[in-house]
Amino acid sequence: MIRFAVLISGRGSNMTYLADAIKDYNIAAQITVVISNRYCAGITLAQDRGLPTKVINRKNFNTQAEHEAAIAAAIHYHRSKYVFLAGYMAILSGDFVNQFAGQIINIHPSLLPAFKGLNTHQRAIDENAATHGVSVHMVTAALDEGPMIAQASLPLMASDTADSLAARVLQLEHQIYPFVLLGLAKKILSL
Ligand code: GRF
0 MIRFAVLISG RGSNMTYLAD AIKDYNIAAQ ITVVISNRYC AGITLAQDRG LPTKVINRKN
60 FNTQAEHEAA IAAAIHYHRS KYVFLAGYMA ILSGDFVNQF AGQIINIHPS LLPAFKGLNT
120 HQRAIDENAA THGVSVHMVT AALDEGPMIA QASLPLMASD TADSLAARVL QLEHQIYPFV
180 LLGLAKKILS L
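Counting from 1, position 37 in the sequence shown corresponds to residue 36 in numbering that gives the first Met the number 0; the numbering is continuous, with no gaps.
Here it is, written out as structure tokens:
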């Protein structure tokens, strides 16, 4: 049984697809806790699904280290083997990442190493990229780097706007993150 925590900051759609895939496809996995660094729509969606949730707000802590210590404590308390970042909008420190070396996975809306960071869809359009997509990778201390686990791509269309592209990439995200979870649960994939 793969026990994993999910870290979110916003909409939470990738988290819901992971939660629903576990049920729908009978994946030997369990979301131990959904942690957010602020109140957000995703927390409500997690509660709707009966998942344990915890809002650990940065503003209640003096330092990033104290904030991350609280997050680490929640991950451990819920006996989580892995941590799936799903739209977690804060950069985790090297100390935090090293503490969970080989256990943290991120989903990023671009074909890394292209378009690290934010506004990936607009940047793909601005650069006239032929293809765009999504990457799932292991998290290391460097932003949006770390060994690649899976990628899915799609062609850009002349009519694409940042919003239309984001919507099409999101459909790929919703397939690929559960796919990676399935790989872990079936032991086809090891980190
Ligand atoms: C997704 O595009 C994900 O790739 C990125 O943040 C967004 C989160 O969306 N890291 P959601 O909160 O899962 O709906």
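Glycine included, each C-beta is placed from N, C-alpha and C at the ideal position.
C-beta atoms of residue i and residue j nearer than 9 Å
{"i": "S134", "j": "A157", "result": "no"}
{"i": "N36", "j": "I106", "result": "no"}
{"i": "A161", "j": "N118", "result": "yes"}
{"i": "D96", "j": "I104", "result": "Here residue 96 turns out to be Val, not Asp, going by the sequence shown. Taking 9 Å as the Cβ cut-off, V96 and I104 do not qualify as a contacting pair."}
{"i": "T52", "j": "I26", "result": "no"}
{"i": "S92", "j": "V32", "result": "no"}
{"i": "P146", "j": "L17", "result": "no"}
{"i": "G86", "j": "I30", "result": "no"}
{"i": "D143", "j": "G101", "result": "no"}
Own chain residues within Cβ distance below 8 Å of residue i, not counting five before or after
{"i": "A40", "result": "G9, R10, G11"}
Buried versus exposed, by CB contacts within 10 Å (16 or more), residue i
{"i": "H136", "result": "buried"}
{"i": "H66", "result": "buried"}
{"i": "L111", "result": "buried"}
{"i": "Y81", "result": "buried"}
One or two residues paired with residue i in a DSSP bridge
{"i": "M147", "result": "H136"}
{"i": "A28", "result": "I1"}
{"i": "I21", "result": "In DSSP, I21 forms no bridge with anything."}
{"i": "L153", "result": "H131"}
{"i": "A104", "result": "A small fix is needed here, since residue 104 is Ile in this sequence, not Ala. I104 is bridged to F83, M137."}
{"i": "K53", "result": "I34"}
Closer than 8 Å: residue i CB and nearest the ligand GRF heavy atom
{"i": "H131", "result": "no"}
{"i": "I26", "result": "no"}
{"i": "S198", "result": "The structure shown does not extend to residue 198, since the chain is modelled only from 0 through 190, so no value can be given for it."}
{"i": "L84", "result": "yes"}
{"i": "M147", "result": "no"}
{"i": "V168", "result": "yes"}
{"i": "G116", "result": "no"}
{"i": "H107", "result": "yes"}
{"i": "I7", "result": "yes"}
{"i": "G93", "result": "no"}
{"i": "N36", "result": "no"}
{"i": "M137", "result": "no"}
6 Å Cβ shell around residue i - same chain, five flanking residues per side excluded
{"i": "Y38", "result": "V54"}
{"i": "G182", "result": "L188"}
{"i": "A28", "result": "I1, I21, L180, A184"}
{"i": "A151", "result": "G132, V133, L171, I175"}
Own chain partners of residue i with C-beta closer than 7 Å, once the 5 adjacent residues on each side are dropped
{"i": "Q121", "result": "A161"}
Near the ligand ATP: residue i beta-carbon under 8 Å from a heavy atom
{"i": "S152", "result": "In the structure shown, the ligand ATP is absent; the only ligands present are the ligand GRF."}
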